[in-house]
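Asks: Heads up: the sequence shown begins at 1180 in my numbering, then just goes up one per residue.
From the three backbone atoms N, C-alpha and C, an ideal C-beta is built for every residue, glycine too.
Right, I'll just put the structure down here and ask away after.
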Amino acid sequence: MFVSLTCILGGCSMSAEPPTENIPKSAGDLEPHHLKSLLQILSTNSDSSAQEQILTTLCNAAAFSVNHDIIRNLDGIRIIGALLSHTDTKIKAGTLNALNNLSMNLQNQEQIQAFINEIFKDILESELNSEVQLAGLRLVINMSVTNNYHEKMADYIPNLLNLMDGGDTTTKIYLLKVLVNLSANPLMTSSLLTSKAPSAVTFLFDSSINRDILIRALTFAANVSENLGRQQQWNRNCNYKEDSLYALLFKDQASLQSNLAPLLLIPDLEIKQQVSRCLRSSERL
């Protein structure tokens, strides 16, 4: 049965008269007892319409930092995260969006990390470029800002790279944001370079491509190249497969240089800086 937010927050009566309690119109005005009621209903009501409405309200409430600790202390992250396995794509997207807003809090991330495998499952099994996939990627971007959970994401690097082949502009930008975050961690260099990668990755280094994609692709390549240069002993002892990211980017130095050099002609300081980083670091490999 459908449960309206007015009933949830204000209390329902058998009378036709509306509840007398003034219900906040803004999610930022919700009090802890409102949030507690929402979470209780979410955990016990199986109506998809009610769940979707409640998730939207919780997502909006979680956009306010004052509610981050409140929702966590009400066991909200576990309650919300339990809906990641829901079959309704709107519920999945709503769940991921709510967790994304909650993930702006580091203590919340400690609980959200328990759902990393389910989050990636939703990203990889959802339709390419869909709202579920994008919502999942936005959450992983936040979760990968620190190094804390990179190891939990390492096994999914080949999947992220593979999504580059076919992903639209927004999907590519989100994927690259995750990869840039991972590449900033030297401990992830091995996992990144040994990952299987599609040839489509090299197409990102093109002057005609979207600037936001190009900047991030160059930053990713520069980060990995610089970290690799600092790990030469490890590099000599590593056997890279022909379809690895290392083979694709760095095995043929002449090809890499020829792809990057024309980008120096682009009148964009940030692009020039990242190209220069790539060229300098790759020369040391």
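Per DSSP, Ser1423 forms a beta bridge with which residues?
Replies: The sequence position of residue 1423 within the sequence shown is 244, counting from 1. The partner list for Ser1423 (beta bridge, DSSP) reads Lys1375.
Asks: Going by beta-carbon coordinates alone, are Leu1318 and Asn1284 separated by less than 8 Å?
Replies: Counting from one through the sequence shown, the residue named residue 1318 turns up at place 139. Counting from one through the sequence shown, the residue named residue 1284 turns up at place 105. No, the Cβ-Cβ distance between Leu1318 and Asn1284 is not below 8 Å.
Asks: Any idea if Thr1274 is buried or exposed, counting beta-carbon neighbours within 10 angstroms, 16 or more meaning buried?
Replies: Translated into positions along the sequence shown, residue 1274 becomes position 95. Per the 10 Å Cβ criterion, buried.
Asks: Is DSSP giving Pro1441 helix, strand or coil here?
Replies: Counting from 1 along the sequence shown, the entry for residue 1441 is found at position 262. Three-state DSSP puts Pro1441 in a helix.
Asks: Out of Met1332, Ile1352, Pro1337, Phe1294, which has the shortest C-alpha to C-alpha gap to Asn1308?
Replies: For the purposes of this step, residue 1308 is taken as residue 129 along the sequence shown, with counting starting at 1. Checking every option, the nearest Cα to that of Asn1308 belongs to Ile1352.
Asks: Please specify which runs of the alpha helix (DSSP H), each continuous and at least 4 residues long, are wholly inside the stretch 1189–1276, giving them in chain order.
Replies: Runs found: 1211–1223, 1227–1241, 1247–1252, 1255–1260.
Asks: Select from Tyr1335, His1329, Asn1321 the residue whose C-alpha is nearest the C-alpha of Asp1301.
Replies: Stepping through the sequence shown from its first residue, residue 1301 is reached at position 122. Considering only alpha carbons, the answer is Tyr1335.
Asks: If you reduce the DSSP assignment to three classes, tell me which class Ser1461 lands in.
Replies: Sequence index remark: in the sequence shown, residue 1461 carries index 282 (1-based). Reduced to three states, the DSSP call for Ser1461 is helix.
Asks: The alpha helix (DSSP H) with Arg1409 in it runs from where to where?
Replies: By one-based count along the sequence shown, residue 1409 stands at place 230. Note, Arg1409: premise wrong, no alpha helix (DSSP H); not H, not E.
Asks: Figure out for me which residue from Thr1236, Ile1291, Leu1342, Val1380 has the closest Cα to the Cα of Asn1321.
Replies: Residue 1321 sits at position 142 when you count from the first residue of the sequence shown. Minimum Cα distance to Asn1321 is reached at Ile1291.
Asks: Go ahead and label Lys1478 buried or exposed: buried means 16 or more other beta carbons lie within 10 angstroms of its beta carbon, across all protein chains shown.
Replies: What the structure shows of the chain is the stretch from 1180 to 1464, and residue 1478 is not part of that stretch, so it cannot be assessed.
Asks: Is the Cβ-Cβ distance between Ile1298 and Leu1281 less than 8 Å?
Replies: For the purposes of this step, residue 1298 is taken as the residue at position 119 of the sequence shown. For the purposes of this step, residue 1281 is taken as the residue at position 102 of the sequence shown. Taking 8 Å as the Cβ cut-off, Ile1298 and Leu1281 do not qualify as a contacting pair.
Asks: Could you check which residue in Leu1355, Asn1438, Asn1296 has the C-alpha nearest to that of Leu1263?
Replies: Translated into positions along the sequence shown, residue 1263 becomes position 84. Leu1263 has its Cα closest to that of Asn1296, out of Leu1355, Asn1438, Asn1296.
Asks: With distance defined between alpha-carbon atoms, name the residue in Leu1217, Thr1373, Thr1325, Ala1206 nearest to Ser1423.
Replies: If you number the sequence shown from 1, residue 1423 lands on position 244. With distances taken between Cα atoms, Ser1423 lies closest to Thr1373.
Asks: Is the beta carbon of Thr1268 sitting closer than 8 Å to the one on Gln1312?
Replies: One-based indexing of the sequence shown puts residue 1268 at position 89. One-based indexing of the sequence shown puts residue 1312 at position 133. Going by C-beta atoms, Thr1268 is not nearer than 8 Å to Gln1312.
Asks: Look up Leu1397 in the DSSP assignment and say whether it is helix, strand or coil.
Replies: Position 218 of the sequence shown holds residue 1397. Leu1397 falls in the helix class under three-state DSSP.
Asks: Within 10 angstroms of the Cβ of Val1403, are there 16 or more other Cβ atoms? Answer buried if so, exposed if not.
Replies: For the purposes of this step, residue 1403 is taken as the residue at position 224 of the sequence shown. Its Cβ being crowded by 16 or more others within 10 Å, Val1403 is buried.
Asks: Measure the alpha-carbon distance for Ser1461 versus Thr1325 and round it to whole angstroms.
Replies: Sequence index remark: in the sequence shown, residue 1461 carries index 282 (1-based). Sequence index remark: in the sequence shown, residue 1325 carries index 146 (1-based). Computed Cα separation, rounded: 26 Å.
Asks: Would you give the residue range spanned by the alpha helix (DSSP H) that Tyr1353 belongs to?
Replies: The sequence position of residue 1353 within the sequence shown is 174, counting from 1. Residues 1348–1362.
Asks: Indicate whether Ser1386 and Ile1445 have their beta-carbon atoms separated by less than 8 Å.
Replies: Mapped onto the sequence shown, residue 1386 falls at position 207. Mapped onto the sequence shown, residue 1445 falls at position 266. Taking 8 Å as the Cβ cut-off, Ser1386 and Ile1445 qualify as a contacting pair.
Asks: Where does Pro1337 sit, in a helix, a strand or coil, going by DSSP?
Replies: On the sequence shown, position 158 is the one that residue 1337 refers to. In this structure, Pro1337 counts as helix in the three-state DSSP scheme.
Asks: Got a sec: is the Cβ-Cβ distance from Leu1464 to anything in chain B below 8 Å?
Replies: Considering every chain present, this structure includes no chain B. It has just one protein chain.
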